[in-house]
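Heads up: the sequence shown begins at 0 in numbering that gives the first Met the number 0, then just goes up one per residue.
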Amino acid sequence: MNAKNKEILRLAWPAIVTNITVPLLGLIDTSITGHLDKTAYIGAVSVGATLFNMIYWNFGFLRMGTSGQTAQAYGRGDKEGMMDTLFRSLFFTIVFTLAIWLLQMPITRLAFGLMKTTPEIEQNALRYFSICIWGAPAILGMYSLKGWYIGMQNTRYPMMIAIGINVVNILTSLFLVYELGWKIEGVAYGTLIAQYTGLACAVGLWFKSYRHYWNYLNVKKALERNELRGFFKLNGSIFLRTLCLNAVMSFFTFAGASQGEVLVAVNVLLMHLFNLFSYFTDGFAYAGEALVGKYVGARNETELKETISRIFKWGGALVVIFTLVYAVGTQPFIGLLTDKEEVRQAATDYYLWVLLVPVAGVSAFLWDGIMVGATTIRPMIMGTLLASMAFFALFFTLHTQLGNHALWLAFIVYLAIRGIVQKIMGVKLT
C-alpha cells in the first residue's frame, strides 16, 4: 500500500470508529424510546437533542480550532504552542459552560417559541433537556481534548473515549429505562452519566501519556492579548460558520416536528442514515485535519497536495459503498429501530433522498477537515452561507407543493453547494 495511504488510514480508522459511535449514541436512545409505549417519545428525544445541538454546535470551534492550531504547532515542532493551545481551549470551556448554565432558560423559551410541535413532545423534550444540560462541562471539555489529540496525530484516544461513552450509555440507559422504569428520564440520565465518564477518560489519558507537556505551558503567553486575538479571530469565524449549520439542522427538525408525530419520527430515523455516512466520512476528514495541519505547519506543499488528493480518493470509495448499502439496507434498518408500522410505511416515500446523501455530502465533509487543518476558514464560511441561503429559499418556495419532500430536497442541495464552493476556493500555503 502507498505510504501516504498508510499514513491516512493510521489516523482515519480510529477516527472512523470514534465517529460511528457518535450516531450509535443517538441510535440507542432512539431504539429505546422507539419501543416504549408512546410514539411521542421518539420525537421528544429528537427535539431535546436538537436543543443541545443548537447550544453545543455553536461551540464546535473548541474542537476544530484546537485541532488545526495544535496540528500546525506539531508540524513546527513547537511544544509550547501545542500546550498553550490546549490551555486556552480549556480556559474558555469553563467560561462558556457558565454562560450556558446561566442562559439555559431563555434558550429553551426561544427554542420552543419557534417550534410547532405537540404539547406531549414538548413536555417530554423539556424533561430530557433539564437533566442533560448539566453535562455541558463534560461535552465542551471533551471538544477541547479531542481536538488536541487529533492535532497531536493521535486519533486512538478519541476512539477509546467514544467507545467508553457508548458502553456506559447503553448499559446505564437500559438499566434505568427497563429495570427502574424511568422512561425518558432514564435515557437522559444514562446520557449524562456517560458524558462525565468520557470526560474522566479523556483527562486520565492525557495524564497517562502527555503530562510531561505541562512543563511547556506558558500561562502568561497563552493569555496574552495577541494570542487571544488570534484565538477569537479563528474561532469567531468558525462560530459564524457553525451558526449557519446549526440554523439548517435545527430547522430541519423543527420543520418536521410541525408535520405531526409520524413524519417527525420518519425524519429522525432517516437522519440517522445521514449521520452514519457523515461521521464515517469525517474519519477521513479528521485524518485530513491532522495531516494538512502538520504539513502547513512544516511548510511542505508537496505533501499537502498529495494528502488532499489521497483523501478524496478514499472519499470516492465511500460514496460507492454507502450508496450500495443504502439501496439494499434502508428498509431493514428502519424496521430495526422501530416497530411502529405507520412510521415504517411512511418512511418508504423518502428512501430516494437517502440514496443521494453520499454523493451530495462527501465533498463538503472532506473539505471541512482540510480547511480546519489549514486554518483556512473563509471557504468554509462562504460555502456554508451560500448553501444555507439556498436551503431556506428552496424550502419556503416548495414546501406548500411538496411538503416534507421539499425539506429533503433543500437539504441535499445544501450539502452539494457546501462542497462545490470549498472546491472552487481551495487551500494553499500562504
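Heads up, the beta-carbon is just placed ideally off N, CA and C, and yes, glycines get one too.
Beta-carbon proximity of residue i to residue j, cut-off 8 Å
i: L406; j: G255; result: yes
i: L414; j: G360; result: yes
i: G372; j: G292; result: yes
i: G146; j: L61; result: yes
i: M370; j: N52; result: no
i: L408; j: L385; result: no
i: L139; j: T92; result: yes
i: R309; j: K3; result: yes
i: A135; j: T190; result: no
i: T171; j: A187; result: no
i: G197; j: I169; result: no
i: L244; j: W56; result: yes
i: V295; j: G74; result: yes
i: I132; j: E184; result: no
i: R240; j: M379; result: yes
i: A124; j: G180; result: no
i: T17; j: A161; result: yes
i: L216; j: S143; result: no
i: A43; j: Y177; result: no
i: A289; j: D367; result: no
i: A110; j: Y195; result: no
The alpha helix (DSSP H) enclosing residue i, as first and last residue numbers
i: V420; result: N403 to M424
i: V176; result: Looking at the DSSP string, V176 is not in any alpha helix (DSSP H), and its letter there is neither H nor E.
i: T117; result: Per DSSP, T117 belongs to no alpha helix (DSSP H) and is neither H nor E.
i: G64; result: F60 to R75
i: K220; result: V218 to A221
Residue i Cβ short of 7 Å to the ligand SAH heavy atom set
i: A110; result: Absence of the ligand SAH from the depicted structure is noted, as is the absence of any ligand whatsoever, leaving it without description.
Nearest-angstrom Cα separation, counted from residue j out to residue i
i: Y278; j: T399; result: 32 Å
i: E119; j: E260; result: 10 Å
i: F231; j: I237; result: 9 Å
i: Q103; j: I31; result: 26 Å
i: I106; j: V263; result: 22 Å
i: F321; j: V353; result: 10 Å
i: D83; j: L227; result: 11 Å
i: D338; j: I41; result: 12 Å
i: N274; j: Y349; result: 16 Å
i: G282; j: P157; result: 11 Å
i: L101; j: G112; result: 19 Å
i: R87; j: K427; result: 27 Å
i: L351; j: T20; result: 25 Å
i: A316; j: I411; result: 20 Å
i: Q344; j: A199; result: 43 Å
i: M81; j: L233; result: 16 Å
i: A286; j: F58; result: 21 Å
i: I7; j: A14; result: 11 Å
i: A221; j: M63; result: 18 Å
i: E79; j: L365; result: 29 Å
i: I99; j: A11; result: 32 Å
i: E121; j: N403; result: 21 Å
i: T347; j: I376; result: 38 Å
i: Q420; j: L272; result: First, the residue type needs correcting, since residue 420 is Val and not Gln in the sequence shown. C-alpha separation (whole angstroms): 25 Å.
i: F174; j: L268; result: 23 Å
i: N1; j: I416; result: 32 Å
i: A363; j: A246; result: 17 Å
Buried or exposed by the 16-neighbour rule on C-beta atoms within 10 Å, applied to residue i
i: T383; result: buried
i: F395; result: exposed
i: T154; result: buried
i: I423; result: exposed
i: N225; result: exposed
i: W313; result: buried
i: P357; result: buried
i: K182; result: buried
i: Q330; result: exposed
i: G418; result: buried
i: V166; result: exposed
i: V342; result: buried
Closer than 8 Å to chain B by CB, residue i
i: L173; result: In the displayed structure, chain B is absent; only one protein chain is listed.
Checklist line | Length-filtered (4 minimum) alpha helix (DSSP H) runs lying within the segment 319-374 | finding: Taken in chain order, the unbroken stretches of alpha helix (DSSP H) that lie wholly in the segment 319-374 and span 4 residues or more are 340-346 and 350-373.
Next item on the list: Go through the segment 132-214 residue by residue and report every complete run of the alpha helix (DSSP H) that reaches 4 residues or more, in order.
Entry: DSSP runs (the alpha helix (DSSP H)) wholly in the segment 132-214: 135-150, 155-173 and 183-208.
Checklist line | Inside the segment 255-303 only - alpha helix (DSSP H) runs reaching at least 4 residues | finding: Uninterrupted alpha helix (DSSP H) stretches at least 4 residues long and entirely within the segment 255-303 occur at 260-296, given in chain order.
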